[in-house]
Amino acid sequence: MSGFKDHFSGIADAYAQARPEYPDELFDTIAAVVPRDARVWEPGCGSGQATRGLAARFAHVHATEPSAKQLAQHWAQPGTDKVSLAVEPGERTALPDASVELIAVAQALHWFDRAKFFAECERVLAPGGVLAAWGYADFIAPEGMLDEVEAFRSRIDPYWPPEREQIDAHYAGYDWPFPALPAPSLWLEMDWSLAHFLRYLSSMSAVARCTAATGEDPVARHGPSLAAAWGDPDETRTIRWPLFLHLRRKG
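Counting from 1, position 249 in the sequence shown corresponds to residue 249 in the working numbering; the numbering is continuous, with no gaps.
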């Protein structure tokens with residue numbers, strides 16, 4: 001696993017504390033095409049933002065993550081009756097052949113070697129099983145904060161890893177291994193305080209890369225102007241992200 005693209009181990013704490021939770025509508029959409037007694041493999045699980053919704057709807061989730069620091073932040077650590085955890089790359093799991101009915105990848109597929117990962121999906125997924133992959137693009141600037149958010153974005157944009165473009169394109173153009181199922185466009189919404197919003201910004205890989213390259217934390221630099229535009233720091237604001245979902249069923 002020495003070659004995996006690790007952009008989050010150094011900010012594992014911030015990622016676990018600040019990343020948004022996925023909406024019930026997402027998991028209900030998946031559950032509509034996957035039986036409730038399904039066994040699930042969740043590669044690239046991070047600190048478990050998606051695991052909870054999967055474990056609430058399916059029989060068992062094997063959640064894997066190549067970063068031991070990320071996995072150490074998982075809420076199910078060291079594992080539960082419904083969730084098992086393992087430090088494994090997305091391209092290879094110890095699961096047996098045809099052993100799961102659902103493979104669920106949340107905001108992680110763009111980091112994988114897709115040819116190797118899709119080959120592993122062919123091996124691990126049972127006939128009739130579903131591959132579900134989703135992600136969310138950048139958030140919509142809250143009302144009255146467009147200029148301040150755009151100034152912050154301009155600061156970090158040069159430091160995004162190139163894989164970020166695949167998120168912005170909603171995984172368009174992928175050579176998927178299985179036929180598509182209908183999938184709706186969704187929204188991810190969270191009501192956050194200013195402090196939580198700033199923690200979320202700090203969890204971005206581009207922020208960590210910018211800080212390392214320039215010696216200056218862009219959140220600290222732009223925090224005062226973002227705070228002024230936000231207003232009362234204790235007041236919650238709704239942050240929205242466009243959420244995309246791909247569903248593919250193995251024949």
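Glycine residues also receive a C-beta, built at the ideal position from the N, C-alpha and C atoms.
Please read these numbers as outputs of a predicted model, since none were measured by experiment.
Please check the pair residue i and residue j, which I expect to be a contact at CB under 8 Å, by giving their CB distance rounded to whole angstroms.
{"i": "Phe58", "j": "Trp134", "result": "Phe58 to Trp134, Cβ: 16 Å. No contact."}
{"i": "Arg39", "j": "Ser99", "result": "7 Å"}
{"i": "Val130", "j": "Arg249", "result": "5 Å"}
{"i": "Arg240", "j": "Ile103", "result": "Not confirmed; about 27 Å, so no contact."}
{"i": "Ala18", "j": "Arg199", "result": "4 Å"}
{"i": "Pro218", "j": "Ile156", "result": "5 Å"}
{"i": "Glu120", "j": "Glu91", "result": "6 Å"}
On the three-state DSSP scale, how would you describe residue i?
{"i": "Ser99", "result": "coil"}
{"i": "Val33", "result": "coil"}
{"i": "Arg153", "result": "helix"}
{"i": "Arg39", "result": "strand"}
{"i": "Ser202", "result": "helix"}
{"i": "Glu148", "result": "helix"}
{"i": "Ala106", "result": "strand"}
{"i": "Ala259", "result": "The chain is shown only over 1 to 251; residue 259 falls outside these bounds and no answer can be derived."}
{"i": "Pro233", "result": "coil"}
What are the boundary residues of the alpha helix (DSSP H) that includes residue i?
{"i": "Tyr136", "result": "Per DSSP, Tyr136 belongs to no alpha helix (DSSP H); it is in the beta strand (DSSP E), 125-136."}
{"i": "Ile167", "result": "164-168"}
{"i": "Arg209", "result": "205-214"}
{"i": "Ala229", "result": "218-230"}
{"i": "Thr51", "result": "51-55"}
{"i": "Ile71", "result": "Rather than Ile, the amino acid found at residue 71 in this sequence is Leu. First-last of the alpha helix (DSSP H) with Leu71: 68-71."}
Using the rule of at least 16 other Cβ atoms within 10 Å of the residue's Cβ for burial, across every protein chain shown, is residue i buried or exposed?
{"i": "Trp75", "result": "exposed"}
{"i": "Trp187", "result": "exposed"}
{"i": "Glu101", "result": "buried"}
{"i": "Gln77", "result": "exposed"}
{"i": "Thr64", "result": "buried"}
{"i": "Glu42", "result": "buried"}
{"i": "Pro96", "result": "exposed"}
{"i": "Thr93", "result": "buried"}
At what residues does the beta strand (DSSP E) containing residue i begin and finish?
{"i": "Arg248", "result": "237-249"}
{"i": "His62", "result": "60-64"}
{"i": "Val83", "result": "83-86"}
{"i": "Asp191", "result": "186-192"}
From the beta carbon of residue i, is the nearest beta carbon of chain E less than 7 Å away?
{"i": "Phe139", "result": "No chain E appears in the structure shown, which is made up of a single protein chain."}
Quiz item: Are three or more beta carbon pairs between the segment 233-244 and the segment 177-192 nearer than 8 Å?
Solution: yes
Quiz item: Any contact of the segment 230-240 with the segment 108-124, i.e. 3+ C-beta pairs under 8 Å?
Solution: no
Quiz prompt | Contact the segment 120-129 vs the segment 158-172: 3+ CB pairs below 8 Å | solution = no
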